[in-house]
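S.K.: With this note's numbering, the residue at position 19 of the first sequence is 126, and numbering never jumps.
Note that CB positions come from ideal geometry on N, CA and C, so glycine has one too.
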Amino acid sequence: MTENLFAGMRDHAVQALADLLPDLDPAILAQVTARVEVTPTRDPAHGDMATNAAMVAAKPAGKPPRVLAEAIAARLALLPDVASAEPAGPGFVNLRLSPGALLAQIPVILRAGESYGDGHIGDGIAVNVEYVSANPTGPMHIGHCRGAVVGDALSSVLVKAGFAVTREYYINDAGGQVQALAWASYWRYLEAIGSPVTPEELDAAAPSGLQYRGEYLIPVGQALYERYGASLATPELGIADPALWLAHVRELALEMMIAEIREDLGRLGVTFDVFSSEQALLESGATDTAIAKLQAGGLLYEGVLEPPRGKTPDDWEPRPQTLFRATDFGDDVDRPLRKSDGSNTYFANDIAYHTDKIARGADILIDVLGADHGGYVSRMKAAVKAASGGRVPLEVVLCQIVHVMRNGQPLRMSKRAGTFVTLRDLLEEVSADAVRFTMLMRKSDAQMEFDLDQAMAQTRENPVFYVQYAHARCRSVLRAAAEMLGAEAAEPAALATADLAPLDDAQELALIRRLIAWPRLIEGAALAREPHRVAFYLYELAGEFHMLWNKGREDTTLRFLQAEDGEGTRARLALVAATATVLRSGLAVLGVTPVEEMR
RNA sequence: GCGCCCUUAGCUCAGUCGGAUAGAGCAACAGCCUUCUAAGCUGUGGGUCGGUGGUUCGAAUCCACCAGGGCGCGCCA
Numbered sequence: 108m109t110e111n112l113f114a115g116m117r118d119h120a121v122q123a124l125a126d127l128l129p130d131l132d133p134a135i136l137a138q139v140t141a142r143v144e145v146t147p148t149r150d151p152a153h154g155d156m157a158t159n160a161a162m163v164a165a166k167p168a169g170k171p172p173r174v175l176a177e178a179i180a181a182r183l184a185l186l187p188d189v190a191s192a193e194p195a196g197p198g199f200v201n202l203r204l205s206p207g208a209l210l211a212q213i214p215v216i217l218r219a220g221e222s223y224g225d226g227h228i229g230d231g232i233a234v235n236v237e238y239v240s241a242n243p244t245g246p247m248h249i250g251h252c253r254g255a256v257v258g259d260a261l262s263s264v265l266v267k268a269g270f271a272v273t274r275e276y277y278i279n280d281a282g283g284q285v286q287a288l289a290w291a292s293y294w295r296y297l298e299a300i301g302s303p304v305t306p307e308e309l310d311a312a313a314p315s316g317l318q319y320r321g322e323y324l325i326p327v328g329q330a331l332y333e334r335y336g337a338s339l340a341t342p343e344l345g346i347a348d349p350a351l352w353l354a355h356v357r358e359l360a361l362e363m364m365i366a367e368i369r370e371d372l373g374r375l376g377v378t379f380d381v382f383s384s385e386q387a388l389l390e391s392g393a394t395d396t397a398i399a400k401l402q403a404g405g406l407l408y409e410g411v412l413e414p415p416r417g418k419t420p421d422d423w424e425p426r427p428q429t430l431f432r433a434t435d436f437g438d439d440v441d442r443p444l445r446k447s448d449g450s451n452t453y454f455a456n457d458i459a460y461h462t463d464k465i466a467r468g469a470d471i472l473i474d475v476l477g478a479d480h481g482g483y484v485s486r487m488k489a490a491v492k493a494a495s496g497g498r499v500p501l502e503v504v505l506c507q508i509v510h511v512m513r514n515g516q517p518l519r520m521s522k523r524a525g526t527f528v529t530l531r532d533l534l535e536e537v538s539a540d541a542v543r544f545t546m547l548m549r550k551s552d553a554q555m556e557f558d559l560d561q562a563m564a565q566t567r568e569n570p571v572f573y574v575q576y577a578h579a580r581c582r583s584v585l586r587a588a589a590e591m592l593g594a595e596a597a598e599p600a601a602l603a604t605a606d607l608a609p610l611d612d613a614q615e616l617a618l619i620r621r622l623i624a625w626p627r628l629i630e631g632a633a634l635a636r637e638p639h640r641v642a643f644y645l646y647e648l649a650g651e652f653h654m655l656w657n658k659g660r661e662d663t664t665l666r667f668l669q670a671e672d673g674e675g676t677r678a679r680l681a682l683v684a685a686t687a688t689v690l691r692s693g694l695a696v697l698g699v700t701p702v703e704e705m706r
């Protein structure tokens, strides 16, 4: 748990307001203080931090913002850590920390190590983050990997901010797609045992045709052969009664597909705490229970939906269905829970699944979904509201489509063109570090172009390289320091005791300001559910460090290691070590390797 | 037709949940450098924030309408 200087200063600003406005209605004051913020300044000329306290309080207090700002500044100026506090602009109070207060954060960082930035705003609240949840009918596709990276990084951000996170994958193993998987696997099995059955015959025999013809099921067919011999076929090696084989084939195919998915995701550094099975939920009766509960609450009825305006399906006919009163909970239309054959819709099972997550103790549910599921969001939110009695919110992070670009041209993701389609293929060309960081350099709900050339480039244009390079430079300096001063003297613990007064260059101070913004950044990213902010922060932090490094090319007094200046060297080494620490802390959140050297 | 997301410099994108003169990289232009710290460095130009209204001390941010792009729209998951 580390100190957030901005949060601390905010407490002082709020206190100042309370002292200055003793007659203000407490309820109004609370409203005002909720809007008070202390932020890093964009322009160093404005000091280290600024607060809007005077402006948000001006109206309720009936005083001009500048007057309030004067009074707040006068009070904040008395704080020992504040060097100056001045009203500015329309009513900001600009604060400059005393050099000691600013520099004192460096040993704080060094002692905290990578845990610097760990926060408590999560307060142990249980958050369930569900992501990927791709059908277990084939290997991971490139389209899945953005959600995987976003979900994984978001989880890490939340953990760092103090939330109790469960990372979860929902296996859709109950529907018709899995049945189709079983039939396709059976086809590969028949091939493995040398059956004369043709794909056409199988396509005709399977209830929904032969859907998955990719070669990735060949190993499944082989494994079935190894386990069952020819016993799943007729004596003539023809198609046997599905009752004899379907369950076996289904089980093994699912097992192997899930193993493959886990392996692919593992290569990307994406892991989960819990895998939940739709089929298991059905078998446990959880779905019936959840539906019965809605029924008991009077939230279900038999009714007929209107066709959507402007786009009536060809085969539309009015039909009575079991409907959930989603409109009572903010959705546009009530939603069906049962198909005409009496089985549950995907939505019905998903209600049970989300109910299950709540029953397991989640206080907040987050689903990371592809943009093609956008139309699904409002009904699921309605369902969760109904199922939890409004206690548990469902939040949805939508990930837009990724266009993979090469040589400035969109990459066609077709097998016929010989270009890759799977995550595994992608990872053979681009490192997991580059994939992850690049994916996180965009807001998730914005469409993005993934430039392969840029992701692989070993130049400044590549943000991953740029950030890893900054860390490598830090480590390089520290290795040299260990040579020069001895290993122990270059350790964080030793550097934490350095006299930091020599750090007074504008660029050194700019770097320190960036470092101390880390705890606040984590809080913001966690509350906004926006892991991409971490990537941008690291990019900017790396930029400040590179700038200092480059400045040392011209101004030799800014170089980190100087034989004739022991005190200055120790101070600068402390800054370098602190920078490396925060870079590592951030890269850990993103799941990107903090490399020791560029090779 | 309806709903949701998006539109910011030539390009790719940020903009800290309403704050100060809207930022970064690439590209362009102009210098420097070819190593003393490592894949070059420094500086400059570039914007009616898609458009029009509105809300207020203050709007890229919130609201309404319009334009363009994406996604979705009863028994697919």
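1) How many angstroms separate the CA atom of Leu339 from the CA atom of Leu547?
2) Give the secondary structure of Arg523 by DSSP, where H, G and I count as helix, E and B as strand, and everything else as coil.
3) What separation, rounded to the nearest whole angstrom, lies between the Cα atoms of Ile473 and Glu502?
4) Counting along the chain, where does the beta strand (DSSP E) carrying Gln575 start and finish?
5) Counting only the same chain and skipping the five closest in sequence on each side, list residues whose C-beta sits under 7 Å from that of Val689.
6) Along the chain, where does the beta strand (DSSP E) that runs through Pro147 open and close?
7) Given this structure, state the Cα-to-Cα distance separating Ser692 from Gly220, to the nearest angstrom.
8) Opposite Cys506 in the DSSP bridges: which residues?
9) Taking the alpha carbon of Pro206 as the reference point, which residue from Lys658, Leu616, Gly675 has its own alpha carbon closest?
10) So, with DSSP's three-state summary, where would you put Gln284?
11) State buried or exposed for Lys418, treating a residue as buried only when at least 16 other CB atoms are found within 10 Å of its CB.
12) Any idea what DSSP makes of Phe667, helix, strand or coil?
13) Can you give the beta carbon distance from Ile368 to Ala241, rounded, assuming they're within the 8 Å contact cut?
14) Ignore the nearest five residues each way along the sequence and tell me which others in Gly410's own chain have a CB closer than 6 Å to its CB.
15) Give me, in chain order, the residues of the same chain whose beta-carbon lies closer than 6 Å to that of Leu127; leave out the 5 immediate sequence neighbours on both sides.
16) Since I believe Tyr276 is in contact with Val239 (beta carbons under 8 Å), could you give me their beta-carbon distance rounded to a whole number of angstroms?
17) According to DSSP, is Leu472 helix, strand or coil?
18) Mind pulling the alpha helix (DSSP H) runs of 4 or more residues that sit fully within the segment 283 to 323?
19) Compute the distance between the beta-carbons of Gln507 and Asp552, then report whether it is under 8 Å.
20) Among Pro609, Leu680, Met555, Asp435, which residue has its Cα nearest to the Cα of Arg586?
21) How close, in whole Å, do the beta carbons of Ala180 and Glu193 come, if the pair is a contact with beta carbons under 8 Å?
22) With DSSP as the reference, identify every bridge partner of Ala271, one or two as the case may be.
23) How is the alpha helix (DSSP H) around Tyr238 delimited, first residue to last?
24) Which ranges would you report for the beta strand (DSSP E) in the segment 169 to 227 if only whole runs of at least 3 residues count?
25) Can you tell me whether Thr396 is helix, strand or coil according to DSSP?
26) Please report the straight-line C-alpha distance between Lys658 and Tyr460, rounded to a whole angstrom.
27) Ends of the alpha helix (DSSP H) at Thr688?
28) Just list the alpha helix (DSSP H) runs in the segment 611 to 666, keeping only unbroken ones of 4 residues or longer that don't cross its boundaries, in chain order.
29) Hey, could you find the ends of the alpha helix (DSSP H) Val411 is sitting in?
30) Rounding to the nearest angstrom, what Cα-Cα distance links Trp423 and Ala337 in this structure?
31) Hey, Ala268 and Gly226: beta-carbon distance below 8 Å or not?
32) May I ask which residues mark the beginning and end of the beta strand (DSSP E) holding Pro427?
33) Taking DSSP as the reference, what is the three-state secondary structure of Thr545?
34) On the premise that Arg432 lies in contact with Tyr408, defined as a C-beta separation below 8 Å, what is that separation, rounded to the nearest angstrom?
35) Below 8 Å, can you find three or more Cβ-Cβ pairs linking the segment 569 to 578 to the segment 277 to 288?
36) What does a CB cutoff of less than 7 Å around Leu607 pick up in its chain, not counting 5 residues either side in sequence?
M.R.: Put simply:
1) Looking up residue 339 in the first sequence gives position 232. Looking up residue 547 in the first sequence gives position 440. If I take the Cα positions, the gap works out to 47 Å.
2) Locating residue 523 in the first sequence gives position 416, where the first residue counts as 1. Low local confidence applies: a pLDDT of 49 at Arg523 is under 50, so the model's placement there is unreliable, with the coordinate-based value given in what follows. DSSP places Arg523 in coil when its eight states are reduced to three.
3) Locating residue 473 in the first sequence gives position 366, counting from the first residue. Locating residue 502 in the first sequence gives position 395, counting from the first residue. Cα to Cα, Ile473 sits roughly 5 Å from Glu502.
4) Reading the first sequence from its first residue, position 468 is the one you call residue 575. From DSSP, Gln575 is part of no beta strand (DSSP E) but of the alpha helix (DSSP H) over 570 to 592.
5) Stepping through the first sequence from its first residue, residue 689 is reached at position 582. Ile216, Tyr223, Leu622, Trp625, Leu648.
6) Looking up residue 147 in the first sequence gives position 40. 145 to 147 is the extent of the beta strand (DSSP E) around Pro147.
7) Mapped onto the first sequence, residue 692 falls at position 585. Mapped onto the first sequence, residue 220 falls at position 113. Going from the Cα of Ser692 to the Cα of Gly220 covers about 8 Å.
8) Mapped onto the first sequence, residue 506 falls at position 399. In DSSP, Cys506 forms a bridge with Gly477.
9) In the first sequence, counting from the first residue as 1, residue 206 sits at position 99. Residue Leu616 is the option with its Cα nearest to Pro206.
10) Translated into positions along the first sequence, residue 284 becomes position 177. Gln284 falls in the helix class under three-state DSSP.
11) As a first step, residue 418 must be located in the first sequence, where it is residue number 311. It is exposed - the Cβ of Lys418 has fewer than 16 other Cβ atoms within 10 Å.
12) Locating residue 667 in the first sequence gives position 560, counting from the first residue. It is coil, neither helix nor strand.
13) Start at 1 with the first residue of the first sequence, and residue 368 comes out as number 261. Start at 1 with the first residue of the first sequence, and residue 241 comes out as number 134. Between Ala241 and Ile368 the Cβ distance is about 7 Å, and since that is below 8 Å, they are a contact.
14) In the first sequence, residue 410 corresponds to position 303, counting from 1. Closer than 6 Å at Cβ, skipping near neighbours: Leu430.
15) In the first sequence, counting from the first residue as 1, residue 127 sits at position 20. Counting only Cβ-Cβ distances below 6 Å, and skipping sequence neighbours, we find Ala178.
16) Residue numbering aside, residue 239 sits at position 132 when the first sequence is read from its first letter. Residue numbering aside, residue 276 sits at position 169 when the first sequence is read from its first letter. At roughly 6 Å, the Cβ-Cβ gap stays under 8 Å, so Val239 and Tyr276 are in contact.
17) The count along the first sequence starts at 1 and reaches residue 472 at position 365. Looking at Leu472 - three-state DSSP - the assignment turns out to be strand.
18) 283 to 299, 306 to 312
19) As a position in the first sequence, residue 507 is number 400, starting the count at 1. As a position in the first sequence, residue 552 is number 445, starting the count at 1. Yes, the Cβ-Cβ distance between Gln507 and Asp552 is below 8 Å.
20) Numbered from 1 along the first sequence, position 479 holds the residue referred to as residue 586. The candidate whose alpha carbon is nearest that of Arg586 is Leu680.
21) Along the first sequence, read from residue 1 onward, the residue named residue 180 stands at position 73. Along the first sequence, read from residue 1 onward, the residue named residue 193 stands at position 86. Indeed, because the Cβ distance is near 6 Å, the residues count as touching under 8 Å.
22) Numbered from its first residue, the first sequence carries residue 271 at position 164. Looking at the DSSP assignment, Ala271 forms a beta bridge with Ala233.
23) Within the first sequence, the letter at position 131 stands for residue 238. Per DSSP, Tyr238 belongs to no alpha helix (DSSP H) and is neither H nor E.
24) 189 to 195, 199 to 204
25) Taking the first residue of the first sequence as 1, we reach residue 396 at position 289. Helix.
26) Residue mapping note: residue 658 aligns to position 551 of the first sequence, counting from 1. Residue mapping note: residue 460 aligns to position 353 of the first sequence, counting from 1. So the two alpha carbons sit approximately 56 Å from each other.
27) Reading the first sequence from its first residue, position 581 is the one you call residue 688. Unbroken alpha helix (DSSP H) run through Thr688: 673 to 697.
28) 613 to 623, 625 to 635, 639 to 661
29) As a first step, residue 411 must be located in the first sequence, where it is residue number 304. Premise fails: Val411 lies in the beta strand (DSSP E), 407 to 411, not in any alpha helix (DSSP H).
30) To locate residue 423, count along the first sequence from 1; it is residue 316. To locate residue 337, count along the first sequence from 1; it is residue 230. Straight-line Cα distance between these residues: approximately 45 Å.
31) In the first sequence, counting from the first residue as 1, residue 268 sits at position 161. In the first sequence, counting from the first residue as 1, residue 226 sits at position 119. Yes, these two residues count as a Cβ contact at 8 Å.
32) Locating residue 427 in the first sequence gives position 320, counting from the first residue. Element bounds for Pro427: 427 to 431.
33) The count along the first sequence starts at 1 and reaches residue 545 at position 438. Residue state, collapsed to three classes: helix.
34) As a working note, residue 408 is residue 301 in the first sequence. As a working note, residue 432 is residue 325 in the first sequence. Their Cβ separation, rounded to whole angstroms, is 7 Å, which keeps Tyr408 and Arg432 in contact under 8 Å.
35) no
36) The sequence position of residue 607 within the first sequence is 500, counting from 1. Closer than 7 Å at the Cβ level, and outside the excluded window around Leu607, lie Leu210, Ile213, Ala678, Ala681.
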